[in-house]
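For the sequence shown, numbering that gives the first Met the number 0 gives the first residue as 0, with consecutive numbering after it. Quick reminder that beta carbons are idealized off the backbone N, C-alpha and C, glycines included. For clarity, every value in this text was computed on a predicted model and none was experimentally measured. Step one of this worksheet: look at the structure below.
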Amino acid sequence: MIVLPRSGRGMKRLFYVLLLASAVLLTAGVLAEALWLLVLGTWTLIGALLIELVYRP
């Protein structure tokens, strides 16, 4: 079970962490030419954007 922070600041921090993680994964995927890293980075980016769209304080 995933526990999400309740505060607006915590959700914003989670959004930025996921955004940074997706940038790192996508960059590593391009440099290593690894498709699985690109897919993982893409899904992380989608998760970050969904959090930003759904959670509006």
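Asked                                                                                               : Found
Spatial distance of S21 from L52 (CA atoms)                                                         : 17 Å
Cβ neighbours of G28 in the same chain (closer than 6 Å, five flanking residues each side left out) : L36, L37, G40
Integer-rounded CB distance, given that A47 should sit under 8 Å from L24                           : About 11 Å separates the two Cβ atoms, so there is no contact after all.
Alpha-carbon to alpha-carbon, M10 and I50                                                           : 8 Å
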